[in-house]
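Enquirer: For the sequence shown, our numbering gives the first residue as 2, with consecutive numbering after it.
No residue lacks a Cβ here, since even glycine has one placed at the ideal position from N, Cα and C.
Note that the structure is predicted; figures quoted are calculated from it, not measured.
Please see the structure below; I have some questions.
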Amino acid sequence: MFDILMYLFENFIHSETEIRVDQDELTEELVRAGFHHDEIYKALAWLEKLAALQETDINPYFCKGISSSLSRIYTQQEQMRLDVECQGFLLFLEQVGVLDATTREMVIDRVMEIDSPEFCLEDLKWVVLMVLFNVPGKENAYAQMEDLLFEEHDGILH
Numbered sequence: 002m003f004d005i006l007m008y009l010f011e012n013f014i015h016s017e018t019e020i021r022v023d024q025d026e027l028t029e030e031l032v033r034a035g036f037h038h039d040e041i042y043k044a045l046a047w048l049e050k051l052a053a054l055q056e057t058d059i060n061p062y063f064c065k066g067i068s069s070s071l072s073r074i075y076t077q078q079e080q081m082r083l084d085v086e087c088q089g090f091l092l093f094l095e096q097v098g099v100l101d102a103t104t105r106e107m108v109i110d111r112v113m114e115i116d117s118p119e120f121c122l123e124d125l126k127w128v129v130l131m132v133l134f135n136v137p138g139k140e141n142a143y144a145q146m147e148d149l150l151f152e153e154h155d156g157i158l159h
């Protein structure tokens, strides 16, 4: 599922290519790219839930107006998915203003919905980027995160 999210983000969303709204057409394109139907449906549902997080208050733990200076206590399930390195990175992003309490919770929500046995810091960075891209008014935070993500990669390539 995460591979599909990455494929969609890199080929449609991040590249600013016109996004297809026809889900059947998009599904067929993903099948042609080698993805399986069940994984495609999971990825599309993940994206729909991401969009829904901004449009509804169904998740009362989203803390609009709450200070990011409060410490986040991770549940046991969250700790199993987000190791200490990932938790530290989320804290760093809050401290530098890339995430606030609400976007942090959106990131954690989306991370917990990823159907993958392995999850690492690199995956977390992409989830943060996807979340910020989808939140209106977070363009500067998105640009900061993009710089953090791609500056690190540039250093490795040279």
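Any contact between the stretch 31-46 and the stretch 76-89? By contact I mean 3 or more CB pairs, one from each, below 8 angstroms.
Expert: These segments do not touch.
Enquirer: What does the alpha-carbon distance come out to for the pair Glu49 and Leu92?
Expert: Along the sequence shown, one-based indexing puts residue 49 at 48. Along the sequence shown, one-based indexing puts residue 92 at 91. Between Glu49 and Leu92, the C-alpha separation is close to 26 angstroms.
Enquirer: With DSSP run on the structure shown, which of helix, strand or coil describes Ile74?
Expert: Indexing the sequence shown from 1 puts residue 74 at position 73. Note: Ile74 maps to coil in three-state DSSP.
Enquirer: Near Gln145, what residues of its chain come up, given a Cβ to Cβ distance below 6 angstroms and the 5 sequence neighbours on each side ignored?
Expert: On the sequence shown, residue 145 is found 144 positions in, with the first residue counted as 1. Here the set comprises Val99.
Enquirer: Helix, strand or coil for Leu83 per DSSP?
Expert: The residue you call residue 83 lines up with position 82 of the sequence shown. Coil at Leu83, not helix or strand.
Enquirer: Between which residues of its own chain and Leu133 is the CB-CB distance below 7 angstroms, once the five residues before and five after are set aside?
Expert: As a position in the sequence shown, residue 133 is number 132, starting the count at 1. Closer than 7 angstroms at the Cβ level, and outside the excluded window around Leu133, lie Thr104, Lys139, Ala142, Tyr143 and Met146.
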